[in-house]
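There are 2 protein chains.
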Amino acid sequence: MAELIVLKLGGSVITHKDRPMTPDMDNIRRLAEEVAEAGTRGLMIVHGGGSFGHTVASQYGIAEGLTSGDQTIGFSKTHQAMVELNGLVVNALLRASVPAVAVAPSSFVVTERGRIGAFSFEVVRRLVELEMVPVLYGDAVLDGVNGFSILSGDQLAAFLSVGLKASRLVFGVDVDGVYTSNPKLNPDASLIETLPLGRLGEMVDVGRALTTDVTGGMLGKVMEAAAAVEAGVEVIFVNALRPGAIFKALKGEHVTGTVLMR
Amino acid sequence: MAELIVLKLGGSVITHKDRPMTPDMDNIRRLAEEVAEAGTRGLMIVHGGGSFGHTVASQYGIAEGLTSGDQTIGFSKTHQAMVELNGLVVNALLRASVPAVAVAPSSFVVTERGRIGAFSFEVVRRLVELEMVPVLYGDAVLDGVNGFSILSGDQLAAFLSVGLKASRLVFGVDVDGVYTSNPKLNPDASLIETLPLGRLGEMVDVGRALTTDVTGGMLGKVMEAAAAVEAGVEVIFVNALRPGAIFKALKGEHVTGTVLMR
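The listed protein sequences correspond, in order, to chains F and B.
The opening residue of the first sequence carries number 1 in the working numbering; numbering runs sequentially from there.
The opening residue of the second sequence carries number 1001 in the working numbering; numbering runs sequentially from there.
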């Protein structure tokens, strides 16, 4: 496959995270335009759940696996919430003339204790070869051990980057990158522009970096991204709330953010 | 796997076929109730596209394969139209307390010249084992030879029945079953209650049975169902517009319709 970029758009960027099932349509439309302008050959997008997936998933305890029959309705509702959010993203991309195609993770991925095991790249690889842009998302999926699990968009984006030998993995998040501590809680937190994975424990206040996000906050993203870094993928975190940042990151231009290093 | 029934709901039953993108919510809700009452263990549902999928697909010539770049937008829009219709069906089933789970064919099926080749049964099999009801649909899918194709719900339903060794395949259509001719065009057409496949050419006016449906009319359905009949699946066509017919067919009770025989 020719050069591939994987773009992960955080749930907190495309939804209002504190209001259940509320998309941030202004951001979705702006990001669709930035993607269109940057060029869409060799591009794959994965987005998070924000206030769509997480709200329903936590209501039914989907991330904890299948323990009661009532949860089957919740499993389906979590997926439907994600399908709805995905439809908004895909339609915004189509309106910006991006040949975006929805791909539902739960229709073909079964995890083992929450981690992707066997995975068929056939559909996403062919879509990119045909110059279309697959749009996947964090999803409620079946799990071989626990019945259900939540497959985070972060895990999926990193997995796709490694499996398809992407040249770059761009995480569009709601802060400027990885900080020494959580910048939303700690005013002394400072942005780390280059983060060698081996120095993670020393540079980041790991305890404070964690958030209550069920799929992990920034630290969780860095941990997921580590596999991509090890595989030689260039991984960068940028602030997708800042107009132009995603455009620049996709084009490979200089942009404020955090680059992960081996 | 324990006993399995595959239910195919025709697009002309769940949509107003002559009005673009118009669901028939009364039928969808009534059918969801009938499914719930009949019991949902060991059940899989496949629905057609009706005025959702077919409208967009024919606008962009998706069934003819990929011949121009503009079609990639149409491919995505066809799928999105089906996702929307599927969401209405799944939500109606969830409201009737059926643990229905959407499964997107285009996310894991690649056809070869329009026919299903390699196919992973893992997700649908596991869903049924966990007592959930997979809900699939006719879809725009990637094709190894032609780029794109339209995978009809009829082909998919028959394929699932054979692959998962279903005991029964119920086609819910908008007429009472298979007629000697097209009952909508020919007032002399009479219902065939038992149709041995070997006598098809002699019993059915094949020319008149064809309709303009891009996935084939009743004859197309019978041809798709033939593989299931050969594999030992009990195949019955019933009128899903008649209240109670789908309930009876799912329960195995006597109902007006056409039973296919070897």
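Just so you know, even glycine gets a beta-carbon here, dropped at the ideal spot from N, CA and C.
- prompt: At a cut of 8 Å, does the stretch 93–113 of chain F reach the stretch 127–142 of chain F through at least three beta carbon pairs?
  reply: At 8 Å Cβ cutoff, the stretches touch.
message: Under DSSP, the alpha helix (DSSP H) around Ala81 (chain F) begins and ends at which residues?
response: Here residue 81 (chain F) corresponds to residue number 81 of the first sequence, with the count starting at 1. Note, Ala81 (chain F): alpha helix (DSSP H), 71–95.
Boundaries (first-last residue) of the alpha helix (DSSP H) holding Glu230 (chain F): Here residue 230 (chain F) is taken as the residue at index 230 of the first sequence, counted from 1. Residues 218–230.
- prompt: Is any beta-carbon of chain F found at less than 9 Å from that of Ala1132 (chain B)?
  reply: Counted from its first residue, the second sequence places residue 1132 (chain B) at position 132. Correcting the residue type first, residue 1132 (chain B) is Met in the shown sequence and not Ala. At least one chain F Cβ lies under 9 Å of Met1132 (chain B).
message: I'd like to know if Val1090 (chain B) contacts chain F, where contact means its C-beta is closer than 9 Å to some C-beta of that chain.
response: Taking the second sequence and counting its residues from 1, one reaches residue 1090 (chain B) at position 90. It does: the Cβ of Val1090 (chain B) has a partner Cβ on chain F nearer than 9 Å.
- prompt: From F:Gly144, F:Asn146, F:Leu130, F:Val89, pick the residue whose C-alpha is nearest to that of Leu136 (chain F); which is it?
  reply: The residue given as residue 136 (chain F) occupies position 136 in the first sequence. Residue F:Val89 is the option with its Cα nearest to Leu136 (chain F).
task: Using only the heavy atoms of the ligand ADP, determine whether one of them is closer than 8 Å to the beta carbon of Asp143 (chain F).
output: Among the components of this structure there are no ligands whatsoever, and the ligand ADP is therefore not found.
- request: Answer yes or no: do Lys1221 (chain B) and Phe1171 (chain B) have a C-beta to C-beta separation smaller than 9 Å?
  value: Position 221 of the second sequence holds residue 1221 (chain B). Position 171 of the second sequence holds residue 1171 (chain B). Yes, these two residues count as a Cβ contact at 9 Å.
- prompt: Buried or exposed: which applies to Lys335 (chain F), given that a residue is buried once 16 or more other Cβ atoms fall within 10 Å of its Cβ?
  reply: Residue 335 (chain F) is absent from the structure shown; chain F starts at 1 and stops at 262.
message: If you reduce the DSSP assignment to three classes, tell me which class Lys1184 (chain B) lands in.
response: Taking the second sequence and counting its residues from 1, the one referred to as residue 1184 (chain B) is at position 184. Lys1184 (chain B) falls in the coil class under three-state DSSP.
- prompt: In whole angstroms, what separates the C-alpha of Asn27 (chain F) from that of Ile1073 (chain B)?
  reply: The residue given as residue 27 (chain F) occupies position 27 in the first sequence. The residue given as residue 1073 (chain B) occupies position 73 in the second sequence. Cα to Cα, the separation comes out at about 22 Å.
Gln1059 (chain B) beta carbon less than 9 Å from that of Phe1148 (chain B): Locating residue 1148 (chain B) in the second sequence gives position 148, counting from the first residue. Locating residue 1059 (chain B) in the second sequence gives position 59, counting from the first residue. The answer is no: Cβ separation not under 9 Å.
message: Taking DSSP's pairing of strands, which residues face His254 (chain F) in a bridge?
response: Position 254 of the first sequence, counting from 1, holds the residue named residue 254 (chain F). None; His254 (chain F) has no bridge partner.
task: On a CA-only basis, which of B:Ala1157, B:Glu1084, B:Glu1131, B:Val1101 is nearest Ile1116 (chain B)? Give me that one, please.
output: The residue labelled residue 1116 (chain B) in the question sits at position 116 within the second sequence. Comparing Cα positions, the closest option is B:Ala1157.
message: If distances are taken between C-alpha atoms only, which option among F:Glu193, F:Asn186, F:Gly153, F:Leu219 comes closest to Gly53 (chain F)?
response: Position 53 of the first sequence, counting from 1, holds the residue named residue 53 (chain F). Here the closest residue by C-alpha is F:Gly153.
task: List the residues of chain B whose Cβ lies closer than 8 Å to the Cβ of Ala104 (chain F), in chain order.
output: Taking the first sequence and counting its residues from 1, one reaches residue 104 (chain F) at position 104. Neighbours of Ala104 (chain F) on chain B, chain order: Ala1102, Val1103, Ala1104, Ser1107.
query: Taking Cβ positions, are Val175 (chain F) and Lys184 (chain F) nearer each other than 9 Å?
result: Here the question's residue 175 (chain F) lines up with position 175 in the first sequence. Here the question's residue 184 (chain F) lines up with position 184 in the first sequence. Yes, the pair counts as a contact, with Cβ atoms nearer than the cut-off.
- prompt: Is it a yes or a no for the stretch 248–262 of chain F touching the stretch 182–201 of chain F, going by three-plus beta-carbon pairs under 8 Å?
  reply: yes
message: Among B:Ile1062, B:Ala1249, B:Gly1069, B:Ser1068, whose alpha-carbon lies nearest the alpha-carbon of Thr1078 (chain B)?
response: If you number the second sequence from 1, residue 1078 (chain B) lands on position 78. Looking at the Cα atoms, B:Ile1062 is the closest of the given residues.
- prompt: In terms of DSSP beta bridges, what is Met261 (chain F) paired with?
  reply: Along the first sequence, one-based indexing puts residue 261 (chain F) at 261. DSSP output for Met261 (chain F) lists F:Pro196 as bridge partner(s).
field: Neighbour list for Arg126 (chain F) in chain B, Cβ cutoff strictly below 7 Å
entry: To locate residue 126 (chain F), count along the first sequence from 1; it is residue 126. Result: Val1110, Leu1142.
message: I want to verify the contact list: residues of chain B whose CB lies under 7 Å from the CB of Pro99 (chain F), in sequence order.
response: For this step, residue 99 (chain F) is matched to residue 99 along the first sequence. Under the 7 Å cutoff, chain B gives Thr1072, Ile1073, Ser1076.
- request: Please name the residue, chosen from B:Arg1168, B:Ala1100, B:Asn1086, B:Gly1232, that lies closest to Ile1005 (chain B) on a Cα-to-Cα basis.
  value: Here residue 1005 (chain B) refers to the residue found at position 5 when the second sequence is read from its first residue. Out of B:Arg1168, B:Ala1100, B:Asn1086, B:Gly1232, B:Arg1168 has the C-alpha closest to the C-alpha of Ile1005 (chain B).
- request: Could you pull out every unbroken alpha helix (DSSP H) segment of at least 4 residues lying fully inside the stretch 136–192 of chain F, listed in chain order?
  value: Listed in chain order, they are 153–163.
- prompt: What is the rounded straight-line gap between the Cα of Leu94 (chain F) and the Cα of Phe75 (chain F)?
  reply: As a working note, residue 94 (chain F) is residue 94 in the first sequence. As a working note, residue 75 (chain F) is residue 75 in the first sequence. Approximately 28 Å between the Cα atoms of the pair.
message: Which residues does DSSP list as the beta-bridge partners of Arg115 (chain F)?
response: As a first step, residue 115 (chain F) must be located in the first sequence, where it is residue number 115. Arg115 (chain F) pairs with F:Glu112.
- prompt: From what residue to what residue does the beta strand (DSSP E) around Ala1100 (chain B) run?
  reply: Against the second sequence, residue 1100 (chain B) aligns to sequence position 100. Ala1100 (chain B) -> beta strand (DSSP E) spans 1100–1102.
query: Can you tell me the Cα-Cα spacing of Arg199 (chain F) and Ala1100 (chain B), whole angstroms?
result: Here the question's residue 199 (chain F) lines up with position 199 in the first sequence. Here the question's residue 1100 (chain B) lines up with position 100 in the second sequence. About 47 Å.
task: Kindly indicate which three-state DSSP category Pro134 (chain F) falls into: helix, strand or coil?
output: Looking up residue 134 (chain F) in the first sequence gives position 134. Strand at Pro134 (chain F).
query: For Gln1080 (chain B) and chain F, any beta-carbon pair shorter than 9 Å?
result: Within the second sequence, residue 1080 (chain B) is the residue found at index 80, counting from 1. Answer yes: the Cβ-Cβ gap between Gln1080 (chain B) and chain F drops below 9 Å somewhere.
field: Alpha-carbon to alpha-carbon, Ala57 (chain F) and Glu230 (chain F)
entry: If you number the first sequence from 1, residue 230 (chain F) lands on position 230. If you number the first sequence from 1, residue 57 (chain F) lands on position 57. Near 31 Å, if we compare the C-alpha coordinates of Ala57 (chain F) and Glu230 (chain F).
Assigned secondary structure, Arg52 (chain F) (DSSP; H/G/I helix, E/B strand, else coil): For the purposes of this step, residue 52 (chain F) is taken as residue 52 along the first sequence, with counting starting at 1. It should be noted that the sequence gives Phe, not Arg, for residue 52 (chain F). Helix.
field: Nearest-angstrom Cβ-Cβ length linking Ala228 (chain F) and Val162 (chain F), presumed shorter than 8 Å
entry: Mapped onto the first sequence, residue 228 (chain F) falls at position 228. Mapped onto the first sequence, residue 162 (chain F) falls at position 162. About 6 Å; that satisfies the 8 Å criterion.
- prompt: Which chain F residues are close to Glu1230 (chain B), counting only those with a beta carbon under 9 Å from its beta carbon?
  reply: Here residue 1230 (chain B) is taken as the residue at index 230 of the second sequence, counted from 1. Neighbours of Glu1230 (chain B) on chain F: none; closest Cβ ~28 Å, over 9 Å.
task: Measure the Cβ-Cβ separation of Gln1155 (chain B) and Glu1224 (chain B) and say whether it is below 9 Å.
output: For this step, residue 1155 (chain B) is matched to residue 155 along the second sequence. For this step, residue 1224 (chain B) is matched to residue 224 along the second sequence. Going by C-beta atoms, Gln1155 (chain B) is nearer than 9 Å to Glu1224 (chain B).
- prompt: Are the C-beta of Leu1066 (chain B) and some C-beta of chain F separated by less than 9 Å?
  reply: Walking along the second sequence from the start, residue 1066 (chain B) turns up at place 66. Judged by the 9 Å Cβ criterion, Leu1066 (chain B) is in contact with chain F.
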